[in-house]
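Accompanying notes for the structure given below.
Residue numbers (this note's numbering): 18 to 165.
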């Protein structure tokens with residue numbers, strides 16, 4: 018969600034404080050740009066605009082487990098944004114400007130394949146890509162319906 022919204026992380030150490038955009042902070046699978054002597058002291062989320070719609074969902078084996086795939090969507094001024102976690106090594110965000118409903122399936126398929134993916138004991142890459150395609154469409158439509 019932080020990457021999709023364009024948020025940032027605040028880090029502090031004896032050397033001082035630094036703020037990293039979520040895209041800079043999240044460097045790989047379960048890894049960050051936090052130095053060993055730094056603490057995360059905050060996360061900054063931009064304020065929602067009255068004209069935007071947002072939606073979020075995640076798929077996990079059990080409620081509260083680490084997500085197999087997490088998705089966040091934003092619709093704003095005819096533009097759509099989808100953030101995906103759990104397929105690539107780090108959360109990835111894609112923007113579309115004026116995406117027609119008839120083009121959404123192809124756009125989501127292209128995005129899902131661009132993310133790559135990996136098989137593990139929880140799910141296959143194919144299953145994760147399918148979740149991006151199916152849940153991504155639902156979220157983008159939900160966010161668009163909530164946008165003013």
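Beta carbons are placed, not taken as given, at the ideal position from N, Cα and C, and that holds for glycine.
Next on the checklist: On the DSSP letters alone, give me the boundaries of the alpha helix (DSSP H) that residue 161 sits inside.
Outcome noted: On the chain shown, residue 161 is found 144 positions in, with the first residue counted as 1. 142 to 163 is the extent of the alpha helix (DSSP H) around residue 161.
Item to check | Alpha carbon of residue 105 to alpha carbon of residue 67, nearest angstrom | outcome: The count along the chain shown starts at 1 and reaches residue 105 at position 88. The count along the chain shown starts at 1 and reaches residue 67 at position 50. The straight-line gap from Cα to Cα measures roughly 31 Å.
Checklist entry - Does DSSP put residue 168 in a helix, a strand or coil? => result Any question about residue 168 goes unanswered here, given that the chain covers just 18 to 165.
Checklist entry - With a Cβ-Cβ cutoff of 7 Å, do residue 115 and residue 95 count as a contact? => result For this step, residue 115 is matched to residue 98 along the chain shown. For this step, residue 95 is matched to residue 78 along the chain shown. In this structure, residue 95 lies closer than 7 Å to residue 115 by Cβ.
Checklist entry - Given that a residue counts as buried once 16 or more other Cβ atoms are within 10 Å of its Cβ, and exposed if not, what is residue 42? => result Here residue 42 corresponds to residue number 25 of the chain shown, with the count starting at 1. The residue in question, residue 42, is buried, as its Cβ has 16 or more Cβ neighbours within 10 Å.
Item to check | Contact set for residue 135: own chain, Cβ-Cβ below 7 Å, skip 5 residues either direction | outcome: On the chain shown, position 118 is the one that residue 135 refers to. Once the five neighbours on either side are set aside, the close Cβ partners of residue 135 are 142.
Next on the checklist: Closest to residue 34 by C-alpha separation, out of 54, 122, 23, would be which residue?
Outcome noted: Residue 34 sits at position 17 when you count from the first residue of the chain shown. Out of 54, 122, 23, 54 has the C-alpha closest to the C-alpha of residue 34.
Item to check | For residue 34, three-class secondary structure by DSSP | outcome: As a first step, residue 34 must be located in the chain shown, where it is residue number 17. Residue state, collapsed to three classes: strand.
Item to check | Candidates 20, 22, 59: closest to residue 36 by CA position | outcome: Counting from one through the chain shown, the residue named residue 36 turns up at place 19. That would be 59, whose Cα lies nearest to the Cα of residue 36.
Checklist entry - Taking the alpha carbon of residue 17 as the point to measure from, which residue in 30, 40, 107, 32 has its own alpha carbon closest? => result Since the displayed the chain opens at 18 and closes at 165, residue 17 lies outside it and no answer follows.
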